[in-house]
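The opening position of the sequence shown corresponds to residue 3 in our numbering, with each subsequent residue numbered one higher.
All C-beta atoms in this analysis are idealised placements derived from N, C-alpha and C, irrespective of residue type, glycine included.
Right, one structure below, let's go through it.
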Amino acid sequence: MARRLSEALIVGRVIEDVIDIFSPSVNMRITYGNKQVFNGFEFYPSAVASTPTVDIQGGDHMTTYYTLVMTDPDVPGPSDPYLREHLHWLVTDITGTTDVTFGQEVASYEGPRPNIGIHRFVFLLFEQRGRQTVNNLPTSRNNFNTRRFAAENGLSLPIAAVFFNAQRETAARRR
3 MARRLSEALI
13 VGRVIEDVID
23 IFSPSVNMRI
33 TYGNKQVFNG
43 FEFYPSAVAS
53 TPTVDIQGGD
63 HMTTYYTLVM
73 TDPDVPGPSD
83 PYLREHLHWL
93 VTDITGTTDV
103 TFGQEVASYE
113 GPRPNIGIHR
123 FVFLLFEQRG
133 RQTVNNLPTS
143 RNNFNTRRFA
153 AENGLSLPIA
163 AVFFNAQRET
173 AARRR
(Lines of atoms letter the chains of each structure in order from A and count residues from 1; the text may use other names and numbers.)
(Lines give C-alpha, C1' and ligand atoms only; values in the text may rest on other atoms or scores of the structure.)
Protein backbone atom coordinates (compact mmCIF):
# COMPACT_ATOMS: atom_id res chain seq x y z
CA MET A 1 0.00 0.00 0.00
CA ALA A 2 2.77 2.47 0.91
CA ARG A 3 4.47 1.86 -2.42
CA ARG A 4 1.27 2.56 -4.37
CA LEU A 5 0.74 5.81 -2.41
CA SER A 6 4.31 6.93 -3.09
CA GLU A 7 3.97 6.14 -6.79
CA ALA A 8 0.86 8.33 -7.07
CA LEU A 9 2.69 11.17 -5.32
CA ILE A 10 5.64 10.78 -7.70
CA VAL A 11 3.45 10.69 -10.83
CA GLY A 12 1.53 13.72 -9.53
CA ARG A 13 4.87 15.51 -8.92
CA VAL A 14 4.02 16.12 -5.26
CA ILE A 15 7.27 14.34 -4.47
CA GLU A 16 9.78 16.71 -6.03
CA ASP A 17 7.69 19.91 -6.19
CA VAL A 18 6.59 19.92 -2.53
CA ILE A 19 8.38 17.19 -0.56
CA ASP A 20 11.09 14.59 -0.84
CA ILE A 21 10.38 10.88 -1.14
CA PHE A 22 9.17 9.28 2.09
CA SER A 23 7.50 6.14 3.40
CA PRO A 24 3.98 6.64 4.76
CA SER A 25 3.64 5.23 8.27
CA VAL A 26 0.08 6.19 9.27
CA ASN A 27 -3.23 6.34 7.45
CA MET A 28 -4.75 9.76 6.91
CA ARG A 29 -8.29 9.90 5.58
CA ILE A 30 -9.56 13.22 4.17
CA THR A 31 -13.27 13.54 3.41
CA TYR A 32 -15.44 16.38 2.16
CA GLY A 33 -18.95 15.44 3.17
CA ASN A 34 -19.21 11.82 2.03
CA LYS A 35 -16.47 12.07 -0.65
CA GLN A 36 -13.04 10.75 0.27
CA VAL A 37 -9.93 12.30 -1.25
CA PHE A 38 -7.74 9.91 -3.23
CA ASN A 39 -4.50 10.88 -4.96
CA GLY A 40 -5.12 12.65 -8.24
CA PHE A 41 -8.93 12.75 -8.06
CA GLU A 42 -10.55 15.94 -9.29
CA PHE A 43 -13.02 18.01 -7.28
CA TYR A 44 -14.98 21.13 -8.13
CA PRO A 45 -13.93 24.04 -5.89
CA SER A 46 -17.52 24.30 -4.63
CA ALA A 47 -17.31 20.68 -3.39
CA VAL A 48 -14.21 21.44 -1.29
CA ALA A 49 -15.16 24.91 -0.03
CA SER A 50 -15.86 23.73 3.52
CA THR A 51 -13.33 22.36 5.98
CA PRO A 52 -12.83 18.62 5.44
CA THR A 53 -12.80 15.88 8.03
CA VAL A 54 -9.30 14.52 8.65
CA ASP A 55 -8.93 11.21 10.47
CA ILE A 56 -5.54 9.84 11.51
CA GLN A 57 -5.20 6.12 12.09
CA GLY A 58 -2.15 4.14 13.11
CA GLY A 59 -0.34 6.64 15.31
CA ASP A 60 0.39 6.41 19.01
CA HIS A 61 -2.63 7.29 21.11
CA MET A 62 -2.05 10.36 23.24
CA THR A 63 1.75 10.44 23.21
CA THR A 64 2.34 11.63 19.63
CA TYR A 65 1.53 15.01 18.10
CA TYR A 66 1.12 15.84 14.44
CA THR A 67 1.09 18.86 12.15
CA LEU A 68 -1.20 19.01 9.12
CA VAL A 69 -0.31 21.23 6.15
CA MET A 70 -2.54 21.86 3.13
CA THR A 71 -0.81 23.67 0.29
CA ASP A 72 -1.22 24.55 -3.40
CA PRO A 73 2.12 24.25 -5.25
CA ASP A 74 0.68 25.53 -8.54
CA VAL A 75 0.22 29.25 -7.80
CA PRO A 76 -0.61 31.22 -9.86
CA GLY A 77 -0.76 28.52 -12.54
CA PRO A 78 0.76 25.08 -13.07
CA SER A 79 2.76 26.08 -16.17
CA ASP A 80 4.58 28.86 -14.29
CA PRO A 81 4.17 28.43 -10.51
CA TYR A 82 6.48 31.30 -9.60
CA LEU A 83 4.53 32.00 -6.39
CA ARG A 84 4.81 28.38 -5.21
CA GLU A 85 3.33 27.49 -2.62
CA HIS A 86 0.11 28.90 -1.16
CA LEU A 87 -0.82 27.74 2.34
CA HIS A 88 -4.48 26.73 2.61
CA TRP A 89 -4.54 25.22 6.09
CA LEU A 90 -2.20 24.63 9.02
CA VAL A 91 -3.06 22.68 12.17
CA THR A 92 -0.49 21.74 14.84
CA ASP A 93 -0.55 19.67 18.04
CA ILE A 94 -3.02 17.09 16.69
CA THR A 95 -3.10 14.22 19.16
CA GLY A 96 -2.37 10.74 17.75
CA THR A 97 -5.28 8.59 16.52
CA THR A 98 -7.71 11.54 16.61
CA ASP A 99 -8.70 14.15 14.07
CA VAL A 100 -7.75 17.76 13.42
CA THR A 101 -10.43 19.12 15.73
CA PHE A 102 -8.11 18.07 18.58
CA GLY A 103 -5.30 20.27 17.22
CA GLN A 104 -4.41 23.96 17.23
CA GLU A 105 -5.56 25.68 14.01
CA VAL A 106 -2.76 28.11 13.13
CA ALA A 107 -4.04 29.07 9.66
CA SER A 108 -7.76 28.57 9.15
CA TYR A 109 -9.02 26.50 6.23
CA GLU A 110 -9.11 28.40 2.94
CA GLY A 111 -10.97 26.57 0.18
CA PRO A 112 -9.36 26.17 -3.24
CA ARG A 113 -9.94 28.96 -5.78
CA PRO A 114 -7.67 28.16 -8.74
CA ASN A 115 -7.68 30.79 -11.50
CA ILE A 116 -5.45 29.28 -14.18
CA GLY A 117 -5.20 25.60 -15.09
CA ILE A 118 -5.50 22.49 -12.94
CA HIS A 119 -4.02 22.91 -9.46
CA ARG A 120 -2.89 20.25 -6.99
CA PHE A 121 -4.01 20.63 -3.39
CA VAL A 122 -1.75 18.64 -1.10
CA PHE A 123 -2.39 17.46 2.47
CA LEU A 124 0.77 16.50 4.39
CA LEU A 125 0.99 15.06 7.89
CA PHE A 126 4.18 15.46 9.91
CA GLU A 127 5.09 13.99 13.29
CA GLN A 128 6.16 16.61 15.83
CA ARG A 129 8.97 16.21 18.38
CA GLY A 130 6.43 16.90 21.12
CA ARG A 131 3.52 19.10 22.09
CA GLN A 132 3.88 22.80 21.26
CA THR A 133 7.18 22.32 19.40
CA VAL A 134 6.01 23.99 16.16
CA ASN A 135 6.82 27.60 16.96
CA ASN A 136 8.29 29.02 13.74
CA LEU A 137 4.95 29.84 12.12
CA PRO A 138 4.36 31.41 8.71
CA THR A 139 3.57 35.12 8.57
CA SER A 140 1.85 34.82 5.19
CA ARG A 141 0.00 32.20 3.21
CA ASN A 142 1.80 33.28 0.03
CA ASN A 143 5.21 31.86 -0.92
CA PHE A 144 4.91 29.17 1.73
CA ASN A 145 7.54 26.45 1.49
CA THR A 146 6.69 23.10 3.03
CA ARG A 147 10.28 21.85 3.12
CA ARG A 148 11.53 25.02 4.82
CA PHE A 149 8.62 25.03 7.31
CA ALA A 150 9.36 21.41 8.24
CA ALA A 151 13.10 22.08 8.64
CA GLU A 152 12.58 25.23 10.71
CA ASN A 153 10.28 23.36 13.10
CA GLY A 154 12.29 20.15 13.47
CA LEU A 155 9.77 18.09 11.52
CA SER A 156 11.10 15.13 9.59
CA LEU A 157 9.71 13.86 6.31
CA PRO A 158 5.91 13.53 6.16
CA ILE A 159 4.33 10.36 7.51
CA ALA A 160 1.22 10.64 5.29
CA ALA A 161 0.17 12.63 2.23
CA VAL A 162 -2.68 12.82 -0.24
CA PHE A 163 -3.58 15.30 -2.99
CA PHE A 164 -6.48 16.20 -5.24
CA ASN A 165 -6.80 18.33 -8.34
CA ALA A 166 -9.14 21.26 -8.94
CA GLN A 167 -9.61 23.89 -11.59
CA ARG A 168 -11.78 26.95 -11.97
CA GLU A 169 -15.40 25.84 -11.75
CA THR A 170 -16.54 27.36 -15.04
CA ALA A 171 -13.70 25.69 -16.93
CA ALA A 172 -14.35 22.33 -15.27
CA ARG A 173 -18.06 22.36 -16.11
CA ARG A 174 -17.47 23.05 -19.83
CA ARG A 175 -15.79 19.67 -20.35
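P78 and D19 closer than 8 angstroms at C-beta: Translated into positions along the sequence shown, residue 78 becomes position 76. Translated into positions along the sequence shown, residue 19 becomes position 17. Not in contact: P78 and D19 (Cβ atoms no closer than 8 angstroms).
A109 vs I21 beta-carbon contact at 8 angstroms: The residue given as residue 109 occupies position 107 in the sequence shown. The residue given as residue 21 occupies position 19 in the sequence shown. Taking 8 angstroms as the Cβ cut-off, A109 and I21 do not qualify as a contacting pair.
Beta-ladder partner(s) of R31, from DSSP: Here residue 31 is taken as the residue at index 29 of the sequence shown, counted from 1. Its beta-bridge partners are D57.
Buried versus exposed, by CB contacts within 10 Å (16 or more), A152: Walking along the sequence shown from the start, residue 152 turns up at place 150. Flag for A152 reads buried.
Spatial neighbours of I120 in its chain, beta-carbon cut-off 8 angstroms, leaving aside the 5 residues before and after: What you label residue 120 is simply residue 118 of the sequence shown in a count that begins at 1. Contacts found: E44, D76, P80, N167, A168, Q169.
Buried versus exposed, by CB contacts within 10 Å (16 or more), L139: Position 137 of the sequence shown, counted from the first residue, corresponds to residue 139. Looking at its Cβ environment, which holds fewer than 16 other Cβ atoms inside 10 Å, L139 is exposed.
Outcome for I12 when other beta-carbon atoms lying within 10 angstroms are tallied against a minimum of 16: As a working mapping, residue 12 is identified with position 10 in the sequence shown. Per the 10 Å Cβ criterion, exposed.
Straight-line Cα distance separating Q106 from G156: For the purposes of this step, residue 156 is taken as the residue at position 154 of the sequence shown. For the purposes of this step, residue 106 is taken as the residue at position 104 of the sequence shown. Spanning the two alpha carbons is a distance of roughly 18 angstroms.
Own chain, CB closer than 8 angstroms to L92, minus 5 neighbours either side, in chain order: Taking the sequence shown and counting its residues from 1, the one referred to as residue 92 is at position 90. Here the set comprises T69, L70, V71, M72, E107, V108, A109, L139, P140.
Environment of I32 [buried if 16+ CB atoms lie within 10 Å]: By 1-based counting over the sequence shown, the position of residue 32 is 30. I32 is buried by the Cβ-count criterion.
Buried/exposed call for Q59, threshold 16 Cβ in 10 Å: The residue labelled residue 59 in the question sits at position 57 within the sequence shown. Answer is exposed; the Cβ neighbour count stays below 16.
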